[in-house]
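Take the sequence shown: its letter number 533 is residue 533 in the working numbering, and every next letter is one higher.
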Amino acid sequence: MRRGLWAALTGIVAAATVLASAEVVALFVGAESSPLFAVGSLVIDLAPPGVKELTIALFGTGDKAALLTILGIVVALGAALAGYLEYRRRPLGTLVLVVFSAIAVLAVTTRENASGIAAVPTVIGMLVGVVVLNALQTRLRRWVTRAGGSRAGVSRAGVSRAEGSPAAGVRTPAASSPDAAAAAVVTGAPAASGADSVSTNEEPGVKPVSAGMPQPVNGTGTVANGLDVPARSAASGADANTRPAASGADANTRPAASVPPAASAARLARAPLERRQFLTWMVVAAAASAIAGVAARTMNAGAAVVTAARNALVLPTPAAADTAAPLAAGTDLGITNLSPVVTPAADFYRIDTALQVPQLNPDTWSLKITGMVENEVEISFADLLALPMVENYTTLTCVSNEVGGDLIGNALWLGYPIRDLLARAKPTAGADMVLSRSSDGFTAGTPLEVLQDAGRQSLLAVGMNGKPLPIEHGFPARMVVPGLYGYVSATKWVVEMKVTTFAQDMGYWTPRGWTALGPIKTSSRIDTPRPGTKQAAGTIAIAGVAWAQHIGIRGVEVQVDGGDWQAATLADAISADTWRQWVLQWDAPSGDHTIAVRATDDSGYTQTSDEAPPAPDGSSGWHTIKVSVA
Numbered sequence: 001m002r003r004g005l006w007a008a009l010t011g012i013v014a015a016a017t018v019l020a021s022a023e024v025v026a027l028f029v030g031a032e033s034s035p036l037f038a039v040g041s042l043v044i045d046l047a048p049p050g051v052k053e054l055t056i057a058l059f060g061t062g063d064k065a066a067l068l069t070i071l072g073i074v075v076a077l078g079a080a081l082a083g084y085l086e087y088r089r090r091p092l093g094t095l096v097l098v099v100f101s102a103i104a105v106l107a108v109t110t111r112e113n114a115s116g117i118a119a120v121p122t123v124i125g126m127l128v129g130v131v132v133l134n135a136l137q138t139r140l141r142r143w144v145t146r147a148g149g150s151r152a153g154v155s156r157a158g159v160s161r162a163e164g165s166p167a168a169g170v171r172t173p174a175a176s177s178p179d180a181a182a183a184a185v186v187t188g189a190p191a192a193s194g195a196d197s198v199s200t201n202e203e204p205g206v207k208p209v210s211a212g213m214p215q216p217v218n219g220t221g222t223v224a225n226g227l228d229v230p231a232r233s234a235a236s237g238a239d240a241n242t243r244p245a246a247s248g249a250d251a252n253t254r255p256a257a258s259v260p261p262a263a264s265a266a267r268l269a270r271a272p273l274e275r276r277q278f279l280t281w282m283v284v285a286a287a288a289s290a291i292a293g294v295a296a297r298t299m300n301a302g303a304a305v306v307t308a309a310r311n312a313l314v315l316p317t318p319a320a321a322d323t324a325a326p327l328a329a330g331t332d333l334g335i336t337n338l339s340p341v342v343t344p345a346a347d348f349y350r351i352d353t354a355l356q357v358p359q360l361n362p363d364t365w366s367l368k369i370t371g372m373v374e375n376e377v378e379i380s381f382a383d384l385l386a387l388p389m390v391e392n393y394t395t396l397t398c399v400s401n402e403v404g405g406d407l408i409g410n411a412l413w414l415g416y417p418i419r420d421l422l423a424r425a426k427p428t429a430g431a432d433m434v435l436s437r438s439s440d441g442f443t444a445g446t447p448l449e450v451l452q453d454a455g456r457q458s459l460l461a462v463g464m465n466g467k468p469l470p471i472e473h474g475f476p477a478r479m480v481v482p483g484l485y486g487y488v489s490a491t492k493w494v495v496e497m498k499v500t501t502f503a504q505d506m507g508y509w510t511p512r513g514w515t516a517l518g519p520i521k522t523s524s525r526i527d528t529p530r531p532g533t534k535q536a537a538g539t540i541a542i543a544g545v546a547w548a549q550h551i552g553i554r555g556v557e558v559q560v561d562g563g564d565w566q567a568a569t570l571a572d573a574i575s576a577d578t579w580r581q582w583v584l585q586w587d588a589p590s591g592d593h594t595i596a597v598r599a600t601d602d603s604g605y606t607q608t609s610d611e612a613p614p615a616p617d618g619s620s621g622w623h624t625i626k627v628s629v630a
């Protein structure tokens, strides 16, 4: 059993060297060639919408960490299987590593804009892993063989494993386990013995040569170092094993070759040394893989260069007319546990298909406007920063947001109006959609008329809350479109805008069961009190946020225990593009209570009570919580 566990561990260490070696080579090829992240991205692409929704529901913004953890577990289990199979029957374990590597090659070479060279890190990693697996397995076999006194020290030596020779009347100790045999050599203590006992410490598929054969004894009937010593003829001194067997033995049986007693003992005595060498190789391989892998992952794809470029970036200042006015005091109610009116970048939700955050150097970044246009346009980051910038507060919402969910945030965005970029390109007649493309291959289909709307500040954003975009939120540039769910508008790390039609092209999520158009639904949420909490009797602030981007919130109502709807107090609105805080002071009696909320937007539409899941066009229903008051 222990040998199987050690064999499994050799597979895990070998797999670690595959990944670490691939990460090191990916430093020179590109981050997109990292096998683990490529496989993860492939899983995201192939996952059915229901699986995606379940993952987000269970893990929220930690969905990518959860996916990587699951992938890590799968890789570890597969690697353990490879190690075990390699020990039992070569080269099955090697074949398992090759199959896993082939899947990774498929993943990296089918990514957006991937070329054949993207497979190089995985292939090199596989070769290194196969070498390491075979080296570790060889060391493990040596240790097991020496410790058990099996094939090298016993079986091929023709050493007796029976209790003794009837002729000599000598009882021979037999190793009952690798540890017992090794201990017998090192300490001089006899190993466990028994009649007709046969060591099982053979390498896989190897049968003891001595099984069922006549067992020679020495001339004196003594035992050396726990092993029978081959007897020699008293008459001539010739090796008794070259003569026919004694009376009672099968004359047609070929006697085993003799091995000097000192050689057999020396082989057994090497067991502790072989064990130390095996463990040393394991530790060195594992440590080297961990250090190299972590270091390569940290440096991969010029992450340090991109971070330095972002930190050094000074954002342009917009003209006074295009600068957002300071927030009035009444826009934030200042209630404990209520979401702040402006979400800090560190707390802003992140939901996208990029398992590995793209690292785009602003010095080489550019945006192309192509497709159904009179003039194709390409601008660099320096060109973009030189354009007149606009500031606008906009609340972004993910279509995967459940009723009462937190996949929503409000920020101050700095950017250049997309309608002005499109005006340069001059879309041709018949176009009705802009297919934006991220550097990692994600696409979003946005209605052309929305992006050309003069009353809507759709931005190619470079700043967030007064600072350059965080790398994980789209640096160096992303799209921000008020009123549409992110899956059809908020492309991060954007590198292309293709003017086209909905009939001709589809965004990433449309063929996966989501609607092509994604207007945000009027919604509201209770932030405090928290669901399931116990509250002290008295006046309790029921508070939260409500949103209907590019329409505006007119009112919010709260219902307690199915009673009448009560109007909540609204915070001042920043604009129709942002959420609004609200609060209702509730004189809470003791007992268990159910609280619900609904919003009415500026068009007069009141939020429906009909419950719907996020797919295919956003969730709906009243956010309802239960609390206890004592």
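Beta carbons are placed, not taken as given, at the ideal position from N, Cα and C, and that holds for glycine.
Residue burial is scored here from C-beta neighbours: residue 412 has at least 16 other C-beta atoms within 10 angstroms and is therefore classed as buried. Around the Cβ of residue 459, a 10 Å sphere holds 16 or more other Cβ atoms; the residue is buried.
Nearest neighbour of residue 106 by Cα position, chosen from 497, 74, 316 and 38, turns out to be 38.
By the neighbour-count definition (other C-beta atoms within 10 Å, threshold 16), residue 429 is an exposed residue.
Annotation for residue 49: the continuous alpha helix (DSSP H) segment containing it runs 49-59. Of the candidates 627, 73, 424 and 118, the residue whose Cα lies closest to the Cα of residue 541 is 627.
With respect to the 8 Å criterion, residue 309 and residue 361 are classified as neighbours on the basis of their beta carbons. In the structure shown, residue 298 falls within a helical segment according to DSSP collapsed to helix, strand and coil. Bounds of any beta strand (DSSP E) do not take in residue 101; it lies within the alpha helix (DSSP H) bounded by 92-109.
Judged by DSSP secondary structure, residue 496 falls within the beta strand (DSSP E) whose first and last residues are 494-500. The straight-line gap separating the alpha-carbon atoms of residue 36 and residue 42 is approximately 10 Å.
Within a 10 Å sphere around the beta-carbon of residue 311 sit fewer than 16 other beta-carbons, which makes this residue exposed. Under the three-state reduction of DSSP output, residue 603 falls in the coil class, being neither helix nor strand.
The three-state reading of DSSP puts residue 626 in strand, counting E and B together. Annotation for residue 567: the continuous beta strand (DSSP E) segment containing it runs 565-567. Around the CB of residue 619, 16 or more other CB atoms lie within 10 Å, so the residue is classed as buried.
Beyond the five residues adjoining it in sequence on each side, residue 498 comes within less than 6 Å, by CB distance, of 370, 371 and 435 in the same chain, given in chain order.
Setting aside the 5 residues that flank it on each side, residue 329 has no residue in the same chain whose C-beta is closer than 7 Å to its C-beta. Three or more Cβ pairs closer than 8 Å define a contact, and the region 128-140 meets that threshold against the region 14-32. When the beta-carbon positions are compared, residue 94 and residue 108 stay at least 8 Å from each other. Counting C-beta pairs closer than 8 Å gives fewer than three between the region 318-333 and the region 54-65, which falls short of the contact rule. Around the beta carbon of residue 352, 16 or more other beta carbons lie within 10 angstroms, which makes this residue buried. Pairing residue 348 with residue 473 gives a Cβ-Cβ distance under 8 Å.
Pairing residue 597 with residue 544 gives a Cβ-Cβ distance under 8 Å. According to the DSSP assignment, residue 542 belongs to the beta strand (DSSP E) that extends over 538-547. The residues 55 and 56, in chain order, have a CB closer than 7 Å to that of residue 63 in the same chain once the five nearest residues on each side in sequence are set aside. DSSP places residue 64 in the helix class (H, G or I) of the three-state scheme. Beta-bridge annotation (DSSP): residue 594 is paired with 626. About 5 Å separates the Cβ atoms of residue 395 and residue 579, confirming a contact at the 8 Å cut-off. Excluding sequence positions up to five before and after residue 403, its CB lies within less than 6 Å of the CB of 619, 621 and 623, all in the same chain and listed in chain order.
Assignment of residue 126 by DSSP, reduced to helix, strand and coil, places it in the helix class. Under the DSSP assignment, residue 480 falls in the beta strand (DSSP E) whose first and last residues are 478-480. The DSSP-derived three-state label of residue 84 is helix. At the C-beta level, residue 118 and residue 21 stay beyond 8 Å of one another. Contact check for residue 489 against residue 53 fails: the beta carbons are separated by 8 Å or more.
Of 575, 482 and 88, the smallest CA-CA separation from residue 326 is found for 575.
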